[in-house]
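Heads up, the thing below is written out as structure tokens.
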Amino acid sequence: MGRGMDVISNFDLTDHNTFGLGSRAQYGAVVAGTEDIEAIVEFAASERLPLHVIGGGSNVLLRERIEGVVALMAIKGRHVIGRQDGGVLVKAEAGEDWPDFVEWAVRQGFGGLENLAGIPGTVGAAPVQNIGAYGVELKDRFQCLTAYDCLERTVCSFGPEDCRFAYRHSAFKEVPGRYVILDVTLVLPEPWQPILGYKGLDSLPADTDVLTVMERVLELRRGKLPDWRVLGNAGSFFHNPIVAAEVAEGIAGGPRYPQADGRVKLSAAWLIEACGLKGMRQGEAGVHEGHALILVNHGKATYSDLDRLASTVQAAVKERFGVDLVREPIAV
Ligand SMILES: Cc1cc2nc3c(=O)[nH]c(=O)nc-3n(C[C@H](O)[C@H](O)[C@H](O)COP(=O)(O)OP(=O)(O)OC[C@H]3O[C@@H](n4cnc5c(N)ncnc54)[C@H](O)[C@@H]3O)c2cc1C
């Protein structure tokens, strides 16, 4: 194996997922460089096993036993690589911790990522679901990325068009397992303007500084979301559904956000709460009592417990409102 990377059998992932689910993979390895990726792809192919990449494990639902090979992404590094018209270019390796990376950028005075502060996980996973919060999505700052193509066994680049970013979506979700993202380059706008339209940020003055915005975002997140280190969770478990205008009209109450294509985005949290499911518990799995969009592990939940609870929620919302909720965490 490249540079002494160890492939470990019966690899324990319990400390590598924010749900805190007990999980072991048939094989696993910590990958710290592109050579390691090439080696683990080769290993998985030679064993005829699927390869799964995991970063911070904050958007996955792990089975107790994962048949296949898991690559834990740990390639580190981040730098300012230059300036172009309209912004500063910063590049970070896939295994960098996203919240640390945002804080590093903000503390150097670079604005643009502060609304995305505190989202758990790694830089390499951020484009996969086009992370978003407080009125900003990754796509708004994206310049390009480098990925390893596991099919062609080559390193390739993706620009914004290639990524086909949409709400919690990208091209990478369409071909799971094909690309391993190695690094991401973002453009941080100069001059910088704060984005304060979101509730909770709108009380900040228009001439506020980037550090203040980041601190407010972190404070708002702490107030709203359970700490996954205390109560296992993966943040929002369902996407906010985007439905035809007629469907939205048939639902009395709840927030609605008209989309450019005429459809309407609804609040999944509102729909779940309206079904009376907020705070419900099925064994060790539950709907968080403070935030209906978050499913939690009360201690000893398994993949099956959370899968069952998610199906219960989806069935209730479908029956009452005729709306399909799509799950956000990826089942591995
Ligand atoms: C408390 C909490 C709050 C959250 N809040 C938000 C939020 O506000 N907004 C938001 O958008 N998300 C949010 N999330 C979800 C999560 O933080 C993001 O999706 C994050 O980008 C996942 O990063 P990760 O490294 O943990 O990915 P993982 O969970 O490890 O992986 C997620 C997916 O990405 C793939 N992947 C990971 N790394 C790579 C790579 N290098 N190359 C290719 N594929 C890869 C995996 O195979 C998997 O399919 C939240 C989660 C939690 C627990």
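For the sequence shown, full-length UniProt numbering assigns the number 1 to the initial residue and increments by one for each residue that follows. Where is the CB? At the ideal position from N, CA and C, for every residue including glycine.
- Less than 8 Å separating the beta-carbons of N297 and G20? yes
- Query: So the beta strand (DSSP E) Q143 belongs to, where does it begin and stop?
  - Reply: F142 to D149
- Query: Taking 7 Å as the line, does the beta carbon of F172 fall inside it for any heavy atom of ligand 2?
  - Reply: In terms of ligand content, the structure shown lacks ligand 2 and carries ligand 1 instead.
- Message: Quick check: V69 and A39, are their CB atoms within less than 8 Å of each other?
- Response: no
- Message: Taking only three categories from DSSP, how would you classify E289?
- Response: coil
- Message: Does the stretch 132 to 148 come into contact with the stretch 239 to 254, if we say contact requires no fewer than three beta-carbon pairs (one atom in each stretch) closer than 8 Å?
- Response: no
- Task: Please classify Y179: does DSSP put it in a helix, a strand, or coil?
- Result: strand
- Item | Backbone CA spacing between D324 and M5 [nearest angstrom] | 43 Å
- Which one of M214, L201, P194 and K91 has the shortest CA to CA distance from E207? The sequence shown places Asp at residue 207, rather than the Glu named in the question. For the residues M214, L201, P194 and K91, the minimum Cα distance to D207 belongs to P194.
- Roughly how many angstroms lie between the CA atoms of G2 and E42, to the nearest whole one? Residue confidence is low: G2 scores 47 on pLDDT, short of 50, so the model does not pin down where it sits. Its coordinate-derived value is still stated next. Whole-angstrom Cα-Cα distance: 11 Å.
- Where does E67 sit, in a helix, a strand or coil, going by DSSP? strand
- Query: Measuring from the CB of A310, is there a heavy atom of ligand 1 at a distance below 7 Å?
  - Reply: no
- Message: Does the distance between the C-beta of I54 and the nearest non-hydrogen atom of ligand 1 fall short of 7 Å?
- Response: yes
- Query: From G322 to R168, what does the alpha carbon distance come to, in whole angstroms?
  - Reply: 22 Å
- Query: Considering E93, what are the terminal residues of the beta strand (DSSP E) in which it resides?
  - Reply: G87 to E93
- Task: Sort R153, S170 and T154 by Cα distance to E161 and report the nearest one.
- Result: S170
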